[in-house]
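J.: Note that the numbering used here has the sequence shown beginning at 1, numbered continuously upward. Heads up, the beta-carbon is just placed ideally off N, CA and C, and yes, glycines get one too. Can you read through this structure? Questions will come right after.
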Amino acid sequence: MFDVNPKIKIGPGLLTEIYTDLAKPTAQNAGKTFGGLTKLFAVAFGTTSEILANKLEEKLQSFVLEAEKRIEEIPVDQRTEPSIATGMKLSSNLPKVLGEPLLEDIFLNLLLSTMDKRAAEEYFPSFPEIVASLSPDEAKILKFLGSHQENSVFAMLSIYSRLPNGSQTLAYRNVSMLGQDADCEFPKNSPAYLDNLSRLGLVDLNEEMVVGVESEYSRIMKKFVLVNLSDDNPGPEGYDPKHFDLIKGFIRLSSMGVSFCRACKIFGATGKDSPSVASTIAYKPLVLRG
């Protein structure tokens, strides 16, 4: 049985079952938690279903061992027992992050926040599902944003090509250096990553120019925006490098994003799975143009 507080025992009934499944993955408990997944593996992968189920259980065991060790870092007088609803959200979303070290680390920090009175106010019921909705690259971007001050803003560009009929077409949307600076595996997907982070309510994407960072906008242009088109590299559909309008904007953590980073202990995080802030650019203090 997983004791959140040595002086507080989890009571009988549903809460005991939830946290037993979450924290002690015996063969019986793994069957309760992952029975549906095992059936899915059997349909999708045939004879490999048992192998995949075993790997899933091994990942869960490793996660629980780390959780049991980390909970000891919370002072006894600051430990609290999460609610039944919180336990259900955590246990249902945990399988979705297993096998991804960075997401596991973020999820574990979130789990610990629900057990720590000092961090409880930063926890939102949607956070477990949000972590489970992130890709590893999106988590890297969040860690990069969180490695700076909470009110930091980051340059972003969109480009509209002017067509002969007087209309415009969007050639480049929400292009930034975050994919490179956060050391994403697929940095070219960063506009899509930003769309998802915005959908989840974690970042604000603003089409307002930031003064004092022309070098950052220039860096984006040099990295992504084509000056000369060729048959091998024609650029986005409809893009004309001689006739376009440049929309300068910025990216920043939303209020929800700030709370998420606090609850998941992302601010200032520079662990082995996070990008090296020292090797990235230094963002200057910025003033928004009114």
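Which runs of the alpha helix (DSSP H) spanning at least 4 residues fall entirely within the region 181-229, listed in chain order?
T.: Fully enclosed alpha helix (DSSP H) runs of 4 or longer: 190-199, 214-224.
J.: In its own chain, which residues sit with a C-beta less than 7 Å from the C-beta of PHE107, not counting the 5 before and 5 after it?
T.: If you number the sequence shown from 1, residue 107 lands on position 107. Excluding residues within five positions, the ones whose Cβ falls inside 7 Å are LEU94, VAL97, VAL131.
J.: Based on the DSSP secondary-structure assignment, which residues constitute the bridge partners of GLY146?
T.: Taking the first residue of the sequence shown as 1, we reach residue 146 at position 146. DSSP lists no partner for GLY146.
J.: Assuming SER158 contacts ILE247 under a Cβ cut-off of 8 Å, what Cβ separation, rounded to an integer in Å, is found between them?
T.: Here residue 158 refers to the residue found at position 158 when the sequence shown is read from its first residue. Here residue 247 refers to the residue found at position 247 when the sequence shown is read from its first residue. Correct: roughly 4 Å between the Cβ atoms.
J.: Determine, using beta carbons only, whether VAL225 and TYR160 come nearer to each other than 8 Å.
T.: Reading the sequence shown from its first residue, position 225 is the one you call residue 225. Reading the sequence shown from its first residue, position 160 is the one you call residue 160. Not in contact: VAL225 and TYR160 (Cβ atoms no closer than 8 Å).
J.: Would you kindly work out how many angstroms separate the C-alpha atoms of LYS59 and GLU216, rounded to a whole number?
T.: To locate residue 59, count along the sequence shown from 1; it is residue 59. To locate residue 216, count along the sequence shown from 1; it is residue 216. Whole-angstrom Cα-Cα distance: 41 Å.
J.: How many Å lie between ALA120 and PRO164 at the Cα?
T.: Indexing the sequence shown from 1 puts residue 120 at position 120. Indexing the sequence shown from 1 puts residue 164 at position 164. About 57 Å.
J.: So, using beta-carbon positions, are LEU112 and PRO128 closer together than 8 Å?
T.: As a working note, residue 112 is residue 112 in the sequence shown. As a working note, residue 128 is residue 128 in the sequence shown. The answer is no: Cβ separation not under 8 Å.
J.: Should GLU208 go down as buried or exposed, given a rule of 16 or more other Cβ atoms within 10 Å for buried?
T.: What you label residue 208 is simply residue 208 of the sequence shown in a count that begins at 1. GLU208 comes out exposed.
J.: Just confirm the distance between the C-beta atoms of ARG118 and MET177, as a whole number of angstroms; I'd bet it's less than 8 Å.
T.: Along the sequence shown, one-based indexing puts residue 118 at 118. Along the sequence shown, one-based indexing puts residue 177 at 177. With a Cβ gap of about 35 Å, ARG118 and MET177 do not count as contacting.
J.: Just curious, the beta strand (DSSP E) that PHE127 is in, first and last residue?
T.: Residue 127 sits at position 127 when you count from the first residue of the sequence shown. No beta strand (DSSP E) contains PHE127, which is instead part of the alpha helix (DSSP H) from 127-132.
J.: Determine the burial state of LEU145: buried for a count of at least 16 other Cβ atoms within 10 Å of its Cβ, exposed for fewer.
T.: Here the question's residue 145 lines up with position 145 in the sequence shown. Under this definition LEU145 is a buried residue.
J.: Measuring alpha carbon to alpha carbon, tell me which residue in MET221, GLY166, GLU214 is nearest VAL175.
T.: For the purposes of this step, residue 175 is taken as the residue at position 175 of the sequence shown. Ranking the options by Cα distance to VAL175, first place goes to MET221.
J.: Under the DSSP definition of a beta bridge, which residues are partnered with LEU246?
T.: Walking along the sequence shown from the start, residue 246 turns up at place 246. Bridge partners of LEU246: ILE159.
J.: CB-CB under 6 Å to THR114, same chain, minus the five flanking residues each way: which ones, in chain order?
T.: Position 114 of the sequence shown holds residue 114. Excluding positions up to five away in sequence, the list reads PRO82, THR86, TYR123.
J.: Which residue comes first and which comes last in the alpha helix (DSSP H) that contains ARG173?
T.: As a position in the sequence shown, residue 173 is number 173, starting the count at 1. ARG173 -> not in any alpha helix (DSSP H); beta strand (DSSP E) instead, spanning 168-175.
J.: With DSSP run on the structure shown, which of helix, strand or coil describes VAL60?
T.: By 1-based counting over the sequence shown, the position of residue 60 is 60. The residue asked about is misnamed: residue 60 is Leu in this sequence, not Val. LEU60 falls in the helix class under three-state DSSP.
J.: Helix, strand or coil for PHE154, going by three-state DSSP, please let me know.
T.: Looking up residue 154 in the sequence shown gives position 154. Residue state, collapsed to three classes: strand.
J.: Nearest to SER135 by CA position, among ARG70, CYS184, GLN168, is which residue?
T.: Locating residue 135 in the sequence shown gives position 135, where the first residue counts as 1. If we check each option's Cα against that of SER135, CYS184 comes out closest.
J.: For GLU66 and ASN196, what's the separation of their Cα atoms in angstroms?
T.: Locating residue 66 in the sequence shown gives position 66, where the first residue counts as 1. Locating residue 196 in the sequence shown gives position 196, where the first residue counts as 1. Using only the alpha carbons, I get a separation of about 29 Å.
J.: One question on the structure: do VAL153 and VAL203 come within less than 8 Å of each other, judged by their Cβ atoms?
T.: The count along the sequence shown starts at 1 and reaches residue 153 at position 153. The count along the sequence shown starts at 1 and reaches residue 203 at position 203. No, the pair does not count as a contact, with Cβ atoms beyond the cut-off.
J.: Contact check, ARG162 vs ASP245 under 8 Å by CB: the rounded distance?
T.: As a position in the sequence shown, residue 162 is number 162, starting the count at 1. As a position in the sequence shown, residue 245 is number 245, starting the count at 1. Between ASP245 and ARG162 the Cβ distance is about 7 Å, and since that is below 8 Å, they are a contact.
J.: Do you know how far the Cα of VAL64 is from the Cα of SER91?
T.: Residue 91 sits at position 91 when you count from the first residue of the sequence shown. Residue 64 sits at position 64 when you count from the first residue of the sequence shown. So the alpha carbons of these two residues sit roughly 12 Å apart.
J.: If I measure Cβ to Cβ from GLU100 and keep anything under 6 Å in the same chain, skipping five residues before and after, which residues do I get?
T.: As a first step, residue 100 is located in the sequence shown; it is residue number 100 there, counting from the start. Around GLU100: PRO136.
J.: Name the one or two DSSP bridge partners that LEU65 has.
T.: As a working note, residue 65 is residue 65 in the sequence shown. The partner list for LEU65 (beta bridge, DSSP) is empty, contrary to what the question assumes.
J.: Under DSSP, the alpha helix (DSSP H) around ASP105 begins and ends at which residues?
T.: Here residue 105 corresponds to residue number 105 of the sequence shown, with the count starting at 1. Counting along the chain, the alpha helix (DSSP H) containing ASP105 begins and ends at 101-113.
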